[in-house]
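Contents: one structure, followed by commentary.
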Amino acid sequence: MKNMDAKDPVEAELFYRFLKEEGIGEIYRTQETPKPQANPAPAAATGAKNDLLMLRDTVLKCAKCAELAATRKSVVFGSGNVTAALMFVGEAPGYEEDVQGLPFVGPAGQLLTKIIESIGLERKQVFIANVLKCRPPQNRTPQPEEILNCEPYLREQIERIKPRVLCALGTFAAQTLLKTGENISSMRGRFYDYHGAKLLCTYHPAYLLRNPGEKRKVWEDMKKIRQELGEAV
Ligand code: URA
Numbered sequence: 035m036k037n038m039d040a041k042d043p044v045e046a047e048l049f050y051r052f053l054k055e056e057g058i059g060e061i062y063r064t065q066e067t068p069k070p071q072a073n074p075a076p077a078a079a080t081g082a083k084n085d086l087l088m089l090r091d092t093v094l095k096c097a098k099c100a101e102l103a104a105t106r107k108s109v110v111f112g113s114g115n116v117t118a119a120l121m122f123v124g125e126a127p128g129y130e131e132d133v134q135g136l137p138f139v140g141p142a143g144q145l146l147t148k149i150i151e152s153i154g155l156e157r158k159q160v161f162i163a164n165v166l167k168c169r170p171p172q173n174r175t176p177q178p179e180e181i182l183n184c185e186p187y188l189r190e191q192i193e194r195i196k197p198r199v200l201c202a203l204g205t206f207a208a209q210t211l212l213k214t215g216e217n218i219s220s221m222r223g224r225f226y227d228y229h230g231a232k233l234l235c236t237y238h239p240a241y242l243l244r245n246p247g248e249k250r251k252v253w254e255d256m257k258k259i260r261q262e263l264g265e266a267v
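Per my numbering, the sequence shown runs over residues 35 to 267.
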């Protein structure tokens with residue numbers, strides 16, 4: 035693996051894991067994935083869960099976008115740890131997500147899982163959501179009105195989960211959260227403030243599937259997130 039400049043063996047191992055394609059090469063394991071820390075105070079977790087469940091009930095009934103409500107199989111609210119220190123935001127559910135009612139469970143989701151694991155975390159430790167909670171037919175681009183309709187739900191999710199770090203995956207998430215028309219390439223790799231949370235934008239895993247040469251940049255972004263999280267997870 036020529037590109038690898040990490041000197042720390044743990045970083046090296048995480049890097050190999052990150053770049054490893056399904057079924058190709060070996061997993062280099064130098065140490066076990068760090069064990070998750072003890073759970074937060076049960077009362078806080080229960081409160082956050084109840085808040086989020088109430089919001090979920092509202093979102094599951096949403097019919098603000100007539101076309102999406104008529105064509106969806108599921109409303110994909112999001113999943114993960116309700117008190118997560120790290121939250122990922124994608125664009126919109128695709129076919130598999132619509133069928134299963136869960137975010138990032140298709141091919142891009144499998145890569146997202148590897149990305150999460152590359153910084154020593156498990157999916158269940160983070161929260162994963164999308165800008166749109168319903169699949170646009172044929173995975174077409176989300177329309178401005180759909181984003182306007184759905185963005186308040188995302189904002190409320192973030193307010194209730196209170197992540198310390200947010201990671202926007204791809205153009206739509208980055209532009210929606212930062213309310214800008216800027217290009218993802220110019221936004222990625224640095225932290226912005228999002229109502230007190232640190233927001234980092236990076237490339238969408240689906241883009242990485244089409245452009246595997248860009249994985250290195252996402253790896254650099256993930257290291258910044260890991261460093262920002264520090265002992266929080
Ligand atoms: N792409 C997304 O942006 N979100 C998903 O949930 C799946 C694929």
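Every residue gets a Cβ at the ideal spot worked out from N, C-alpha and C, and that includes glycine.
- For C235, the closest C-alpha among the options Y241, L200 and K257 is that of L200.
- According to the DSSP assignment, I162 belongs to the beta strand (DSSP E) that extends over F161 to N164.
- In the three-state reduction of the DSSP assignment, C99 falls in the coil class.
- The DSSP-derived three-state label of C184 is helix.
- Here K232 is bridged, per DSSP, to V199 and D227.
- Distances from the CB of P197 to the heavy atoms of the ligand URA are all 6 Å or more.
- Relative to the Cα of R198, the nearest Cα in the group L87, V116 and V133 belongs to V116.
- By the Cβ criterion, the stretch 184-198 is in contact with the stretch 161-169, since at least three pairs of Cβ atoms, one from each stretch, lie closer than 8 Å.
- The stretch 133-144 and the stretch 207-217 do not touch, with fewer than three beta-carbon pairs separated by less than 8 Å.
- Comparing C-alpha distances from I259 to each of A202, E190, V93 and P246 shows the shortest one belongs to A202.
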